[in-house]
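Number of protein chains: 2
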Amino acid sequence: MTQCSFEPPLLAVGVKKDSAGHDIIKEAGVFALSVLGKSHQGQAFAFFKPVEREGDKIGGEVFRKGSTGAPVLSAAVAAIECELVSTVEEGDHSLFVGKVVDAAVQSEIEGRPDDATLALKDLGEKTFYGG
Amino acid sequence: MTQCSFEPPLLAVGVKKDSAGHDIIKEAGVFALSVLGKSHQGQAFAFFKPVEREGDKIGGEVFRKGSTGAPVLSAAVAAIECELVSTVEEGDHSLFVGKVVDAAVQSEIEGRPDDATLALKDLGEKTFYGG
Chain A
1 MTQCSFEPPL LAVGVKKDSA GHDIIKEAGV FALSVLGKSH QGQAFAFFKP
51 VEREGDKIGG EVFRKGSTGA PVLSAAVAAI ECELVSTVEE GDHSLFVGKV
101 VDAAVQSEIE GRPDDATLAL KDLGEKTFYG G
Chain B
132 MTQCSFEPPL LAVGVKKDSA GHDIIKEAGV FALSVLGKSH QGQAFAFFKP
182 VEREGDKIGG EVFRKGSTGA PVLSAAVAAI ECELVSTVEE GDHSLFVGKV
232 VDAAVQSEIE GRPDDATLAL KDLGEKTFYG G
């Protein structure tokens with residue numbers, strides 16, 4: 001995902017077309033990003049594969065409904081909620097462009113926020129996206 | 132910027148609407164990303180502000196024409212060239228979605244490629260995008 005405008009605040013995220021989340025976002029017109037922290041390796045690996053909702057959990061992780069109604073993982077360090085404003089469907093992932101309508105920091109962060117978030121390299125020396 | 136499809140390989144990049152590069156990309160229908168390395172702090176700061184072409188340099192940096200005709204910084208660790216396939220113009224930046232048609236690693240990389248690239252935090256403890 002990437003930020004793609006300051007005014008209004010927009011971001012863009014690629015979502016696999018054959019994933020359950022893809023059709024839910026298209027129909028609901030809203031989506032939320034749950035920002036994982038350095039200690040969330042387990043959650044990251046859990047969401048590498050398709051997950052299902054069971055009661056108040058998705059993929060075994062407790063979630064809350066955000067102000068947009070989109071699910072936010074309770075364990076997440078931060079959450080960003082968006083209204084869908086544009087969709088590009090050119091490849092095997094759709095690019096959803098969302099306007100940020102709500103954002104929350106859910107746990108205290110020390111130092112730079114971009115150091116507090118989980119990165120692919122934190123998941124192992126040979127872990128790459130799509131690799 | 133973000134990758135947004137594996138097949139075909141697509142990426143999306145936000146470009147400020149009032150920048151010179153914005154209109155050049157729209158007209159040319161191609162663009163190139165020059166990937167800076169850990170030692171390129173100076174180049175990064177140079178391109179934070181508007182730059183101009185002077186002969187074979189842009190913003191004081193030597194460039195070459197890539198296979199698409201788009202400019203690639205010679206000092207860059209790697210280059211990715213794209214054909215423009217879609218544009219989202221919702222905010223103060225346009226989101227250009229490009230199909231990757233050429234890519235090159237221009238200098239030897241040790242360790243993880245994503246460790247070799249320059250990150251915002253390498254530019255200073257208080258340097259943030261837009262901050």
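So the protein sequences, as listed, match chains A and B.
Numbering-wise (the working numbering), the first sequence opens with residue 1 and increments by one.
Numbering-wise (the working numbering), the second sequence opens with residue 132 and increments by one.
Here a beta-carbon is modelled for each residue, glycine too, at the ideal position from N, C-alpha and C.
Because the structure is a prediction, the values reported are computed rather than measured.
Comparing C-alpha distances from Q106(A) to each of V35(A), F128(A), V13(A), M1(A) shows the shortest one belongs to V35(A).
Counted as a single uninterrupted DSSP element, the stretch harbouring A119(A) is not any alpha helix (DSSP H), since DSSP gives it neither H nor E. Contact note: F137(B) reaches chain A through G91, D92, H93, G130, using a C-beta cutoff of 8 Å and chain order. For T117(A), no Cβ of chain B is located within less than 8 Å of the residue's own Cβ.
Listed as beta-bridge partners of S136(B) by DSSP are L141(B). Taking a beta-carbon distance threshold of 8 Å, L36(A) does not count as an interface residue toward chain B.
Taking C-beta separations shorter than 7 Å and ignoring five residues to either side along the sequence, the partners of P8(A) in its chain run K99, following chain order.
A12(A) is classed as buried because its beta carbon has at least 16 other beta carbons within 10 Å across all chains shown. In terms of Cβ geometry, G59(A) and F45(A) do not form a close pair [threshold 8 Å].
D233(B) is a Cβ neighbour of E212(B), given a cutoff of 8 Å. By DSSP's assignment, F194(B) forms a beta bridge with L204(B).
For the pair F194(B) and P202(B), the CB atoms are nearer than the 8 Å cut-off.
Following the DSSP letters along the chain, one finds H224(B) inside the beta strand (DSSP E) bounded by residues 224-236.
Classified as exposed, G242(B) has fewer than 16 neighbouring CB atoms from the shown chains inside 10 Å of its CB.
At a cut-off of 8 Å between beta carbons, S217(B) contacts chain A. Excluding sequence positions up to five before and after V216(B), its CB lies within less than 8 Å of the CB of L141, V228, G229, K230, all in the same chain and listed in chain order. Fully contained in the segment 24-55 of chain A are the following beta strand (DSSP E) runs of length 3 or more, in chain order: 30-35. Residue burial annotation: E192(B) is buried, with at least 16 other C-beta atoms found within 10 angstroms of its C-beta. Burial is judged here by how many other beta carbons sit within 10 angstroms of a residue's own beta carbon; A78(A) has at least 16 and is buried. The continuous beta strand (DSSP E) containing S86(A) extends over residues 78-88.
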